[in-house]
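Q: Here it is, the structure in full.
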Amino acid sequence: MRLSFLLVVTTAAALFAAPARGDVSSVSPPDRRWSGSNALTLPRGRSELGLLGGARYGLTDSLELAVNPLVAVVVPHLEAKLMVARELGLFALRGRASYPTTFLELVSKEGEFGLLPATSKPPIAVQLEADIVATAAWFERQLVSVWFGFALAVHPPFTPEELPLLDFPFLYPRFAPLYGPGVPRLGFSFEGGVVGGLHYTAELVAFVMPGLPDVGDASAIEPNLALEYRFGARFAVSGGVRTSHAEYAYGRRTHFLPYLDVRAGF
Amino acid sequence: MQRARALALVAALAGCDPFHTGFEDVEAARYYEAGRRVSVPAPKPVLRAMNYNVKFGGGRIDFFFDCFGDRVLMSKSEVVRHLERLAEKIREVDPDVLVVQELDVNSKRAAYVDQMQWLLDHTELDYGVYASQWKADYVPSDGIGAVDSGNGILSKYPITGASRIALDLRSDQSGLERYFYLKRNVLRATVNVGETKVVVVATHAEAYAKDGTKKRHIERFEAELDRWSSAGNVVLGAGDLNTLPPGTEKQHDFPDSVCTNEDFVADDYRAEATWLESLYARYESEIPLAVYQADNASYFSHTTDKNGFWNRKLDYFFTNAAVVPGSGLVHQDEAHGGTATMPLSDHAPLSVEIALE
Numbered sequence: 002m003r004l005s006f007l008l009v010v011t012t013a014a015a016l017f018a019a020p021a022r023g024d025v026s027s028v029s030p031p032d033r034r035w036s037g038s039n040a041l042t043l044p045r046g047r048s049e050l051g052l053l054g055g056a057r058y059g060l061t062d063s064l065e066l067a068v069n070p071l072v073a074v075v076v077p078h079l080e081a082k083l084m085v086a087r088e089l090g091l092f093a094l095r096g097r098a099s100y101p102t103t104f105l106e107l108v109s110k111e112g113e114f115g116l117l118p119a120t121s122k123p124p125i126a127v128q129l130e131a132d133i134v135a136t137a138a139w140f141e142r143q144l145v146s147v148w149f150g151f152a153l154a155v156h157p158p159f160t161p162e163e164l165p166l167l168d169f170p171f172l173y174p175r176f177a178p179l180y181g182p183g184v185p186r187l188g189f190s191f192e193g194g195v196v197g198g199l200h201y202t203a204e205l206v207a208f209v210m211p212g213l214p215d216v217g218d219a220s221a222i223e224p225n226l227a228l229e230y231r232f233g234a235r236f237a238v239s240g241g242v243r244t245s246h247a248e249y250a251y252g253r254r255t256h257f258l259p260y261l262d263v264r265a266g267f
Numbered sequence: 038m039q040r041a042r043a044l045a046l047v048a049a050l051a052g053c054d055p056f057h058t059g060f061e062d063v064e065a066a067r068y069y070e071a072g073r074r075v076s077v078p079a080p081k082p083v084l085r086a087m088n089y090n091v092k093f094g095g096g097r098i099d100f101f102f103d104c105f106g107d108r109v110l111m112s113k114s115e116v117v118r119h120l121e122r123l124a125e126k127i128r129e130v131d132p133d134v135l136v137v138q139e140l141d142v143n144s145k146r147a148a149y150v151d152q153m154q155w156l157l158d159h160t161e162l163d164y165g166v167y168a169s170q171w172k173a174d175y176v177p178s179d180g181i182g183a184v185d186s187g188n189g190i191l192s193k194y195p196i197t198g199a200s201r202i203a204l205d206l207r208s209d210q211s212g213l214e215r216y217f218y219l220k221r222n223v224l225r226a227t228v229n230v231g232e233t234k235v236v237v238v239a240t241h242a243e244a245y246a247k248d249g250t251k252k253r254h255i256e257r258f259e260a261e262l263d264r265w266s267s268a269g270n271v272v273l274g275a276g277d278l279n280t281l282p283p284g285t286e287k288q289h290d291f292p293d294s295v296c297t298n299e300d301f302v303a304d305d306y307r308a309e310a311t312w313l314e315s316l317y318a319r320y321e322s323e324i325p326l327a328v329y330q331a332d333n334a335s336y337f338s339h340t341t342d343k344n345g346f347w348n349r350k351l352d353y354f355f356t357n358a359a360v361v362p363g364s365g366l367v368h369q370d371e372a373h374g375g376t377a378t379m380p381l382s383d384h385a386p387l388s389v390e391i392a393l394e
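First to last, the protein sequences are chains A and B. Just so you know, we're using our numbering here: the first sequence kicks off at 2 and counts up by one. Just so you know, we're using our numbering here: the second sequence kicks off at 38 and counts up by one.
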C-alpha cells in the first residue's frame, strides 16, 4: 500500500512539473468564490468560514490553506490545496496532516461518548493524506471532478488491547490508517448551479481499508448529496445527507448523517 | 402499504434508528443449526433441561459494570477459552434443551464470536433459536461499540415457531439512554420431541430499573406460559428473572454489591418478595419452594464476586409438566454438579428433568 502513496506523489510531481498551458484564471469556471470538492482553489485573498466546512484562505491564486477550528480542537490539522492548469486540464494536489492522538484520548473514557474503553492507550501518531484531483467543466457552471488519494499514519506499534479499532460510523475510514498499512481512496463529484443561487453537490468516495484488526480487509463507500443556496459572494446555507456503506467486523451497515451548514465568504 | 413503506423510508433517511437498535413488538427469532448435525434422537419420556446465564463468555473477568474491574473488551482467545469451559459443563449435564441468557452473537466485547453457533458446534445440541436483547451498531459509551447479545434456546430436537416478543422498555431513563439500552424479550419456541411439542419460554428480566419494569417483565413471562399452557401444551419456562424466591432470608445488602453508580446497583429485593408467588403457585419449579425456603444457600445461583460464592437465587425453571422428584439441581460446585462453576460465569447453571408422558 505504500506503493499507492508513492504513486500519488510521483504522479503529482509529474503533473506539476509538466509545462503550463497558461494562468489559472484562463481555465477557471465562472465561480471560484466558494470552495468545493474540486481542483479549484479560492482566489488569492479570499477567505471562507463554515460551521462544518471550516476556515479556508486563498494564500495565492493557486494555493489554498484550510483548517476547521472546531475539529482542530480535538484533531489538530492543516490542509493545503495546490492548483495548477496543465495541458491535460485542471489539477490539484490536496494534502492534509493531522494529529489524531488527542481525539483518541478524549474518546477513551467511561460513560457517554466513550467510543473506546477508558483503558485504551492511544499512541502518538501523525496522519498524512494526499489526493490528486482532476476537474473539468463539462457544461456551463457544471464541474466534474475525480480524485485518487492515500492516507497513512506514522506511529509506534501498538496492540489491539492498547487501541481497539475505532469503528464508529463515518469516523471509521478516517481513522483506519492508524490500524493498517494505509487507506487508498477514490472519489468523484458533480457540482454546479441549478438555478439562481441554488447549487448542488453529488459526491461519492470509496475507501479501501486493508489489514484492520477484527475485520481484515474492509471497504467503505460514502455518497453525499447536498443543496446549497448562495446569497451572492458573502453567505451560503446548505443541507444534505452523507451516507456511509461500510464493512464492519459485524457485517456491512448503512448509516445516514443529515446535516446543515452555513458558510460566509470575505 | 405504499404509505407505510414511504414512511419507513423517510424515517430511515431521517436517521430515526441510525444505529439499528430497535425491534418489532413480535418478530421471528433467528434460527441456527450445528455445522455438523447428528440424527435427531428418539423421543424420550423424560426431558432434561438446563438453564444458564453465560455472561457472554466473559468467565470471571472483572468487567467495568460489575465495579470489580475496568475491562470492557475481550480477545478472541479469551472468549474461546471461556466457551470451551462452558461447553465442557454443558456436555457434562448433557441436556436435551438448553436455555441461555447473555449470549453474544456479534459483539465487539466478545471479539465478534457467534456464541450460539459456537456452542451448537461444540455440544450435542444441534438446533437453536436466538432473540437479541441488546443490539446496536455502536454503543457510544464505555467503549462498548457494536453489540448483539440475547437469549437462546438450544436443543437436540428440531425447533419450530420461534418468536421474539418484546418486553416493556424502562421509563426511568432519558430517551438517549433508552435508545442504546437493553431491549429485553421473551423468546418462545416449540421443541419437537417426537410427537410431543414442548413450548419453551425463555427470558432475562430487567435487573436495574426502579420503575416497575422488572415486575412487568415477569408478569409477561408468566402470561406467555399461561397462554400456551391453557392451550394444552407442555410448557417449560426458564430464565434469569433477576429477583428472589418468596421467603428468601437475605434480601438486601449483598457483600458483592460494590458499585456506587446507582445505574448498576441491584442490591435490594425487599419490595419484590411476592413477585414470584403466582409462578410458584401455578407451576412446578426445579427446586420446590418449600425445599428452597428450608435451605436457601444450596440453591443460590449468582454472585458478581469471583472471590466469593453464590449468594442469591435469580435463575429458574417453571413448568406445567411433572418435575422428576429430586432432579432439580443448581450446579454450584464439584459437590453439586461435578464441576466448579464459579470460574465459568457470574451465574451457576440449573438443570431439571420433566416427564413428558
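Glycine residues also receive a C-beta, built at the ideal position from the N, C-alpha and C atoms.
Can you pull the chain B neighbours of residue 163 of chain A, defined as C-beta to C-beta under 8 Å?
A: In chain order: nothing, as chain B lies at least about 11 Å away.
Q: Considering only the beta carbon of each residue, do residue 190 of chain B and residue 166 of chain B sit closer than 8 Å?
A: In this structure, residue 166 of chain B lies closer than 8 Å to residue 190 of chain B by Cβ.
Q: Who are the Cβ neighbours of residue 389 of chain B in its own chain at under 7 Å, not counting the five residues just before and after it?
A: These residues qualify, in order along the chain: 86, 323, 354, 360, 364, 365.
Q: For residue 187 of chain A, collect the residues of the same chain with a Cβ closer than 6 Å to its Cβ; drop the 5 residues on either side in sequence, then sort them by chain order.
A: The answer, listed in chain order, is 149, 207.
Q: Does chain A have any CB closer than 8 Å to the CB of residue 99 of chain B?
A: No, because no Cβ of chain A sits closer than 8 Å to the Cβ of residue 99 of chain B.
Q: Would you say residue 168 of chain B reaches chain E, if we count a Cβ-Cβ gap shorter than 8 Å as a contact?
A: No chain E appears in this structure, whose protein chains are A and B.
Q: So who's on the other strand from residue 205 of chain A, going by DSSP bridges?
A: Per DSSP, A:189, A:224.
Q: Who are the Cβ neighbours of residue 306 of chain B in its own chain at under 7 Å, not counting the five residues just before and after it?
A: Cβ neighbours of residue 306 of chain B beyond the five flanking positions: 280, 281, 288, 289.
Q: Please report the distance separating the alpha-carbon of residue 63 of chain A from that of residue 193 of chain A.
A: Whole-angstrom Cα-Cα distance: 21 Å.
Q: Measure the Cβ-Cβ separation of residue 124 of chain A and residue 159 of chain A and say whether it is below 8 Å.
A: Against a cut-off of 8 Å, the Cβ pair of residue 159 of chain A and residue 124 of chain A comes out as a contact.
Q: On a CA-only basis, which of B:173, B:145, B:238 is nearest residue 162 of chain A? Give me that one, please.
A: Among B:173, B:145, B:238, the Cα nearest to that of residue 162 of chain A is on B:145.
Q: Below 8 Å between beta carbons: does that hold for residue 180 of chain B and residue 117 of chain A?
A: Their beta carbons are under 8 Å apart, which means residue 180 of chain B touches residue 117 of chain A by this criterion.
Q: Cβ of residue 107 of chain B less than 8 Å from any chain A Cβ?
A: True, the Cβ-Cβ gap to chain A drops below 8 Å.
Q: In the DSSP assignment, find the unbroken alpha helix (DSSP H) run with residue 70 of chain B in it and report its ends.
A: Taken as a continuous stretch (DSSP letters only), residue 70 of chain B belongs to no alpha helix (DSSP H), being part of the beta strand (DSSP E) at 67 to 70.
Q: According to DSSP, is residue 254 of chain B helix, strand or coil?
A: Correct three-state label for residue 254 of chain B: helix.
Q: The beta strand (DSSP E) with residue 56 of chain A in it runs from where to where?
A: Its beta strand (DSSP E) spans residues 55 to 59.
Q: Quick check on the DSSP output: what are the complete beta strand (DSSP E) runs of length 3 or more inside the stretch 116 to 192 of chain A, in order along the chain?
A: Runs of the beta strand (DSSP E) inside the stretch 116 to 192 of chain A: 127 to 140, 143 to 155.
Q: Find the residues of chain B that neighbour residue 267 of chain A, judging by a C-beta separation of less than 7 Å, and give them in chain order.
A: Those within 7 Å of residue 267 of chain A in chain B number zero; the least Cβ separation is about 33 Å.
Q: Give me the Cβ distance between residue 166 of chain A and residue 213 of chain A, rounded to the nearest whole Å; I'm assuming they're in contact under 8 Å.
A: Contact holds; Cβ gap of about 6 Å.
Q: Would you list, in sequence order, the uninterrupted alpha helix (DSSP H) runs of no fewer than 4 residues that lie entirely inside the stretch 186 to 215 of chain B?
A: Complete alpha helix (DSSP H) runs here, min 4: none at all.
Q: When you check each C-beta in the stretch 183 to 201 of chain B against every C-beta of chain A, which residues fall closer than 8 Å?
A: Residues passing the 8 Å Cβ filter: 183, 185.
Q: In angstroms, rounded to a whole number, what distance separates the CA positions of residue 379 of chain B and residue 121 of chain B?
A: For residue 379 of chain B and residue 121 of chain B, the distance between alpha carbons rounds to 15 Å.
Q: Taking contact to mean 3 or more Cβ pairs, one atom from each stretch, closer than 8 Å, check whether the stretch 253 to 263 of chain B and the stretch 311 to 322 of chain B are in contact.
A: The stretch 253 to 263 of chain B, when compared against the stretch 311 to 322 of chain B, does touch it at the 8 Å Cβ threshold.
Q: Would you call the CB atoms of residue 357 of chain B and residue 238 of chain B closer than 8 Å?
A: Contact: no.
Q: Could you give the first and the last residue of the continuous beta strand (DSSP E) run that contains residue 257 of chain A?
A: Residue 257 of chain A -> beta strand (DSSP E) spans 252 to 266.
Q: Can you tell me whether residue 181 of chain B is helix, strand or coil according to DSSP?
A: Three-state DSSP puts residue 181 of chain B in coil, outside helix and strand.
Q: At the 8 Å Cβ level, is residue 248 of chain A part of the contact set with chain B, yes or no?
A: Not an interface residue.
Q: Is the beta carbon of residue 199 of chain B less than 8 Å from the beta carbon of residue 331 of chain B?
A: In this structure, residue 331 of chain B does not lie closer than 8 Å to residue 199 of chain B by Cβ.
Q: Cutting at 6 Å between CB atoms, please list the residues of its own chain near residue 233 of chain B, excluding the five before and the five after it.
A: If we look at residue 233 of chain B and ignore the five residues flanking it on each side, its Cβ neighbours are 393.
Q: Buried or exposed for residue 384 of chain B, going by 16 or more other Cβ atoms inside 10 Å?
A: Under this definition residue 384 of chain B is a buried residue.
Q: Are the C-beta of residue 119 of chain A and some C-beta of chain B separated by less than 8 Å?
A: By this cut-off, residue 119 of chain A is an interface position.
Q: Let me confirm a value: residue 227 of chain B is counted as buried when at least 16 other C-beta atoms fall within 10 Å, else exposed. Which label applies?
A: By the 10 Å Cβ count, residue 227 of chain B comes out buried.
Q: On the criterion of 16 or more Cβ atoms from any shown chain inside 10 Å, does residue 247 of chain B qualify as buried, or is it exposed?
A: Residue 247 of chain B is exposed by the Cβ-count criterion.
Q: To the nearest whole angstrom, what separates the beta carbons of residue 215 of chain B and residue 207 of chain B, a pair I think is in contact under 8 Å?
A: So it is a contact: roughly 6 Å between Cβ atoms.
Q: Under 7 Å Cβ to Cβ from residue 142 of chain B, same chain only, skipping five residues before and after it: list those, please.
A: Cβ within range, chain order: 151, 152, 153, 167, 185.
Q: Opposite residue 329 of chain B in the DSSP bridges: which residues?
A: Paired residues: none, contrary to the question.
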